[in-house]
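Written out below as structure tokens is the structure these notes cover.
In this note's numbering, the protein residues as written are 895 to 1084.
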């Protein structure tokens, strides 16, 4: 079977039936209530960025920066403020791996799973990190919220594979020891 072409497709294939049901429920979530305090912040973001050409990505980045994620119940107000459908906004959120609908852990470890890194052993590092953190094979956030482990498909460090990024800082030429050290430092620091 051919590998899926996007990270989101891989996530769906690796998801358990209960995870898929949860995702489907998220799509049907109602919009935020009128008394939701987050709406004022979303309206301020829309006022500031909504008039520029192609405002959706800057608005989504600003919302995620403000709340740590893009809550599904705020998709409706964002769509309405930009004169887009909820489906269009949801499509962009799910297309770009950077956007998340749930908050990440205090630290985010992105492990490259692109071809060059795979050829140099990133799959073994990935599975070891998942097992060591008690996470499913698709990654996720630790129970204590200390660390989110995510796959990423190319960090641009192909000549220094395998690579990962911890809280926006790249780490290259990883091996089992260096990966274990990264995970341990991030969990301890949280």
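Here a beta-carbon is modelled for each residue, glycine too, at the ideal position from N, C-alpha and C.
Fair warning: this is a prediction, and the values are worked out from it, not measured in the lab.
As for any alpha helix (DSSP H) of minimum length 4 sitting wholly inside the stretch 1014–1055, the runs are 1016–1027, ordered along the chain. In the three-state DSSP reduction, residue 978 falls in the coil class, being neither helix nor strand.
Taking a 10 Å sphere around the C-beta of residue 911, we find fewer than 16 other C-beta atoms and assign the residue as exposed.
Selection 943, 969, 962, 1005 evaluated against residue 1063 yields 1005 as nearest (Cα-Cα). One alpha carbon belongs to residue 1054, the other to residue 1067, and they sit about 5 Å apart. Under the three-state reduction of DSSP, residue 1058 is assigned to strand. When DSSP states are grouped into helix, strand and coil, residue 963 belongs to the coil group.
Closest option to residue 975, judged by alpha-carbon separation, among 959, 948, 992: 948.
Under the 10 Å beta carbon count, residue 1008 is surrounded by 16 or more other beta carbons and is classified as buried. Taking each of 997, 980, 1083, 967 in turn and checking the Cα distance to residue 1044, the smallest one comes out for 997. From the listed residues 908, 913, 1083, 909, the smallest Cα separation to residue 1000 is found for 1083. Assignment of residue 992 by DSSP, reduced to helix, strand and coil, places it in the coil class. Note that the C-beta distance between residue 1002 and residue 1036 is not below 8 Å. The bridge partners DSSP lists for residue 1003 are 1043, 1060.
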